[in-house]
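S.K.: The structure's right below; bear with me while I get my questions together.
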Amino acid sequence: MINIEQYLLKLPTGILSLVAVLLASFGPPLILVVIAVCLVFADITLGYIKQQAMNSLLNKHKQLAHKVRKLEQDKQAAEKLAQSIPQFGRKVFPLWSQHIQDCIDLSTREINQICHYFTNTIEHLKSGGKLSHGQLMDGEYDLIANQVIENAQHGIESIQFQDRVTQIMSHMNATMTELSFKCESKYPINIDEFLHINSATYTTEDERLAYQQLIGKPAIAAEQLEDKDEVTLF
């Protein structure tokens with residue numbers, strides 16, 4: 039569909055001036071001179087309008103070219119992001135899934151230990167309550183008291199497992215936030231470098247072990263994994 043600028047560009051210029059010259063050549067009547075002047079003026083006006091139409095078309099062409107370049111850049115950025123998405127599925131999501139499973143396992147294990155510690159504490163209190171102080175052998179009263187204290191201490195420490203769970207979940211949240219910012223960037227995402235940098239923020243052995251398994255490092259020795267039961271505080 040032809041717009042107004044393209045229509046104006048199709049109008050011929052110079053013809054009106056030619057007609058004015060022919061009219062003026064026939065004779066001196068004033069009316070012919072006036073008509074000739076009007077035709078010349080109309081021809082000049084038409085030329086000006088055509089020039090404005092040309093400028094309008096050039097501006098539209100520049101805007102269109104800018105939009106095409108912007109779309110091309112967006113297309114390239116989308117292609118780079120699309121190339122990164124499969125890496126998320128292979129590496130980031132399994133790592134997050136393992137972190138969540140670690141939180142579930144850790145919570146289950148520590149809750150069971152809490153129940154065990156306090157069950158033993160109750161049993162020791164029952165056994166001590168059934169006998170009077172005089173019926174207990176030398177040192178047996180102190181032994182029961184020490185066992186109660188030890189169970190209580192272990193129970194209190196186990197209750198703090200939620201601190202390790204909080205740390206893991208907070209690290210996952212920070213990683214997701216940072217990854218969302220990187221996805222908005224026009225630069226491609228190096229997922230291996232991204233995970234390596236984030237691994238430096240890990241504060242629990244569960245997180246470090248999950249990352250080492252992801253990148254294919256040898257399993258950690260069993261004696262090193264025994265430290266997983268220690269409480270990690272902020």
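Letter by letter, the sequence shown follows residues 39 to 272 in the numbering used here. Even for Gly, the Cβ is constructed at its ideal location relative to N, Cα and C.
1) When the Cα of GLN205 is compared with those of GLU245, THR157, ARG107, which residue comes out closest?
2) So does LEU84 have its beta carbon nearer than 7 angstroms to some heavy atom of the ligand FMN?
3) Using a threshold of 8 angstroms, state whether the C-beta atoms of ALA248 and ASP140 are closer than that.
4) Please work out which residues of its chain come closer than 8 angstroms, Cβ to Cβ, to THR239, disregarding the five sequence neighbours upstream and downstream, and give them in chain order.
5) Any idea what DSSP makes of MET249, helix, strand or coil?
6) Could you tell me which of LEU252, ILE227, PRO226, TYR225 sits nearest to SER237, measuring between CA atoms?
7) Using the Cβ count rule (16 or more neighbours within 10 Å means buried), how would you classify THR146?
8) Roughly how many angstroms separate the alpha carbons of TYR86 and SER218, rounded to a whole number?
9) Are the beta-carbon atoms of VAL186 and THR159 separated by less than 8 angstroms?
10) Helix or strand or just coil, what does DSSP make of TYR86?
11) Measuring straight from C-alpha to C-alpha, what distance separates GLY254 and ILE138?
12) Among the candidates LEU181, GLU161, ILE152, whose CA atom is the shortest distance from the CA of GLU200?
13) Buried or exposed for GLU243, going by 16 or more other Cβ atoms inside 10 Å?
14) In or out: ARG107 buried (at least 16 other Cβ within 10 Å) or exposed?
15) Specify the secondary structure class of ASN184 as computed by DSSP and reduced to three states.
16) Going by beta carbon distance, what residues of the same chain come within less than 7 angstroms of GLU268, once the five residues before and after it are set aside?
17) Look at ASN189 and TYR225 and say whether their C-beta atoms are less than 8 angstroms apart.
18) Is PRO132 helix, strand or coil by DSSP?
19) With burial defined as no fewer than 16 other Cβ atoms inside 10 Å of the residue's Cβ, what is the status of ALA91: buried or exposed?
20) Drop a sphere of 10 angstroms on the beta-carbon of GLU148, count the other beta-carbons inside from all chains shown, and report buried for 16 or more, exposed for fewer.
M.R.: According to the structure data:
1) Numbered from 1 along the sequence shown, position 167 holds the residue referred to as residue 205. For the residues GLU245, THR157, ARG107, the minimum Cα distance to GLN205 belongs to GLU245.
2) Ligands displayed in this structure: none; no statement on the ligand FMN is therefore possible.
3) As a position in the sequence shown, residue 248 is number 210, starting the count at 1. As a position in the sequence shown, residue 140 is number 102, starting the count at 1. Taking 8 angstroms as the Cβ cut-off, ALA248 and ASP140 qualify as a contacting pair.
4) Locating residue 239 in the sequence shown gives position 201, counting from the first residue. Excluding residues within five positions, the ones whose Cβ falls inside 8 angstroms are HIS209, ALA212.
5) Working through the sequence shown from its first residue, we reach residue 249 at position 211. Residue 249 is actually Tyr in this sequence, not Met. Correct three-state label for TYR249: helix.
6) If you number the sequence shown from 1, residue 237 lands on position 199. Closest by alpha carbon: LEU252.
7) As a working note, residue 146 is residue 108 in the sequence shown. The residue in question, THR146, is exposed, as its Cβ has fewer than 16 Cβ neighbours within 10 Å.
8) The residue labelled residue 86 in the question sits at position 48 within the sequence shown. The residue labelled residue 218 in the question sits at position 180 within the sequence shown. Going by the C-alpha atoms only, they are around 53 angstroms apart.
9) In the sequence shown, the residue the question calls residue 186 occupies position 148. In the sequence shown, the residue the question calls residue 159 occupies position 121. Against a cut-off of 8 angstroms, the Cβ pair of THR159 and VAL186 comes out as a contact.
10) Indexing the sequence shown from 1 puts residue 86 at position 48. Looking at TYR86 - three-state DSSP - the assignment turns out to be helix.
11) Within the sequence shown, residue 254 is the residue found at index 216, counting from 1. Within the sequence shown, residue 138 is the residue found at index 100, counting from 1. In a straight line, the C-alpha of GLY254 is about 20 angstroms away from that of ILE138.
12) On the sequence shown, residue 200 is found 162 positions in, with the first residue counted as 1. The question names Glu, yet the displayed sequence has Gln at residue 200. The shortest C-alpha separation from GLN200 is found at ILE152.
13) Counting from 1 along the sequence shown, the entry for residue 243 is found at position 205. The residue in question, GLU243, is buried, as its Cβ has 16 or more Cβ neighbours within 10 Å.
14) Within the sequence shown, the letter at position 69 stands for residue 107. Label assigned to ARG107: exposed.
15) Working through the sequence shown from its first residue, we reach residue 184 at position 146. DSSP places ASN184 in helix when its eight states are reduced to three.
16) Locating residue 268 in the sequence shown gives position 230, where the first residue counts as 1. Per-residue confidence for GLU268 stands at a pLDDT of 48, beneath the threshold of 50, marking its modelled position as unreliable; the derived number appears in the next sentence. Once the five neighbours on either side are set aside, GLU268 has no close Cβ partner at all.
17) Counting from one through the sequence shown, the residue named residue 189 turns up at place 151. Counting from one through the sequence shown, the residue named residue 225 turns up at place 187. No. Outside cutoff.
18) Residue numbering aside, residue 132 sits at position 94 when the sequence shown is read from its first letter. Three-state DSSP puts PRO132 in a helix.
19) Translated into positions along the sequence shown, residue 91 becomes position 53. Burial call: buried.
20) Residue numbering aside, residue 148 sits at position 110 when the sequence shown is read from its first letter. Under this definition GLU148 is a buried residue.
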